[in-house]
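First residue of the sequence shown? That's 165 in our numbering, and the numbers climb one at a time after it. Where a beta carbon is used, it is the ideal one built from N, C-alpha and C, also for glycine. Just so we're clear, the structure is a prediction, and the values are computed from it rather than from any experiment.
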Amino acid sequence: MLERLEGLKLNALKELKAVTGIKELDLWRVHYLGKKSELNSILRGLAALPVEERKAIGARANRIKADLEGGFGQKESVLREAQLMGAAEERRLDISLPGRPYPLGHLHPITQTLAEVCDIFVSLGFGVVEGTEVEWNYYNFEALNIPEEHPARDSMSTSWVDFEAEGGERTMLLRTHTTSLTARAIEFRRPPIRLVEPGKVYRYEASDATHTPMFHQIDGIAVDENITMADLKGTLYEFARRFFGEERKVRFRCDYFPFVEPGVEMAIECSVCRGAGCRLCSNTGWIEILGAGMAHPQVLERGGIDPEIYSGFAFGMGVDRLPMLRHGIDDIRLFYNNDLRFLSQF
Ligand code: DAH
């Protein structure tokens, strides 16, 4: 009987050593320590044995039982710990995995262009001011020598704001050009004035490849003693050189704007044909990019600046056309459709 007990213990411990999982361990426990186990039946059979044998075998069997239980407990804690570690390992954060990149946004190409043009003028000593898009008729037209019956109003189809002063006069509008800010600068600031005025402007027009009812302009104004046409040309020439490149030719020609005298238009050599003539430049070789001129004495005077002492130059340009010319974009509406396939290219 003692031999049987020893063999049982050896077998049990050998098998216990080979156990690798909790489930397997439970089967082992049932087999060697459970109610129906061999060891248990030996212990239950003790009562039937003679006293001497009962003592020796009982003691032995109980020791073996205690040993097996101890082995079981140890194995169980080893396996549970391994199980915990495994779970932790599975859930471990792998910091070497490449992250999922968030798509980075960037400035709209028109916003980029506004900033680029303003930066050039800032480096030449100009300040930057913005104003409201809803404007008084006075600053958009009247202060700039464009009275009600002036033909120049025809070229600026106006969106009037539903606000009528006494006498049915229409007094508010969506500004049709940023020159309204030049009128304000002349009224509210004193020389020396050097400002650029970027912003959105509105014309009551249908959209097509070259028109949208909202677009962007930058105006500029410089007022001081002894400002001449040479300052105008020098400043705008430098702007063109920096924005379009050293080798691009620039041309000034006479033009008419009610708020300047004399008025000019500035054109640059066509970016596509370099002056030879093509569809983009309507075969002229030149592309007009801005209007400018010497501040009209009446405009200065209306703003309280004495034209006998001070003179000034002003200019205004469409901003949307600049990136169109630079990148060969042939439809202005692309800027406003918010199609990321287009916008993300800039
Ligand atoms: N405001 C004019 C327009 O929208 C452009 C312009 C021309 C602005 C001459 C000026 C200027 O300041 O001097 O067509």
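| request: Drop a sphere of 10 angstroms on the beta-carbon of Pro273, count the other beta-carbons inside from all chains shown, and report buried for 16 or more, exposed for fewer. | output: buried
| said: For Ile385, list the residues DSSP reports as bridge partners. | reply: For Ile385, which the question treats as bridged, DSSP gives the partners Leu359 and Ala478.
| C-alpha distance - Ala176 paired with Arg256, whole-angstrom precision | 37 Å
| task | Tell me Val424's beta-bridge partners as DSSP assigns them. | result | Answer by DSSP bridge pairing, in chain order: Ala459.
| said: Quick test of the definition: if touching needs 3 or more C-beta pairs under 8 Å, does the stretch 410–428 touch the stretch 454–472? | reply: yes
| said: My output table needs one value for Ala431: the three-state DSSP class, helix, strand or coil. | reply: Strand at Ala431.
| Going by the beta-carbon positions, is the gap between Cys437 and Trp450 smaller than 8 Å? | no
| query | Nearest-angstrom Cα distance between Lys181 and Arg264? | reply | 46 Å
| What did DSSP end up calling Glu410 once you bin it into helix, strand or coil? | When DSSP states are grouped into helix, strand and coil, Glu410 belongs to the coil group.
| Between the stretch 294–302 and the stretch 360–377, do at least 3 Cβ pairs fall closer than 8 Å? | yes
| Residue of Asp326, Ile473 and Glu328 minimising C-alpha distance to Asn390 | Ile473
| query | Can you tell me whether Ser287 is buried or exposed, with buried defined as 16 or more other CB within 10 angstroms of its CB? | reply | exposed
| Excluding sequence positions up to five away, which residues of its chain have a Cβ less than 8 Å from the Cβ of Asn204? | Leu197 and Gly198
| query | With distances taken between CB atoms, is the gap from Pro356 to Ile469 smaller than 8 Å? | reply | no
| Start and end of the beta strand (DSSP E) containing Met320? | Run containing Met320: none; DSSP gives neither H nor E here.
| said: Taking 8 Å as the limit between beta carbons, can you name the residues of its chain near Lys173, skipping five residues before and five after? | reply: Ile228, Asp231 and Leu232
| task | Please classify Met488: does DSSP put it in a helix, a strand, or coil? | result | helix
| message | Here's the rule: buried if 16 or more other CB atoms are within 10 angstroms of the residue's CB, otherwise exposed. What is Leu579? | response | This structure cannot speak to residue 579, because the chain is shown only from 165 to 510.
| request: May I ask whether a heavy atom of the ligand DAH can be found less than 7 Å away from the beta carbon of Phe479? | output: yes
| task | May I have the straight-line CA-CA distance separating Thr399 from Arg317, to the nearest angstrom? | result | 29 Å
| task | Mind checking who Trp450 pairs with in its DSSP beta bridge? | result | Glu433
| message | Using a Cβ-Cβ cutoff of less than 7 Å, which residues in the same chain neighbour Pro471 once the five nearest sequence positions on both sides are dropped? | response | These residues qualify, in order along the chain: Pro461, Leu464 and Glu465.
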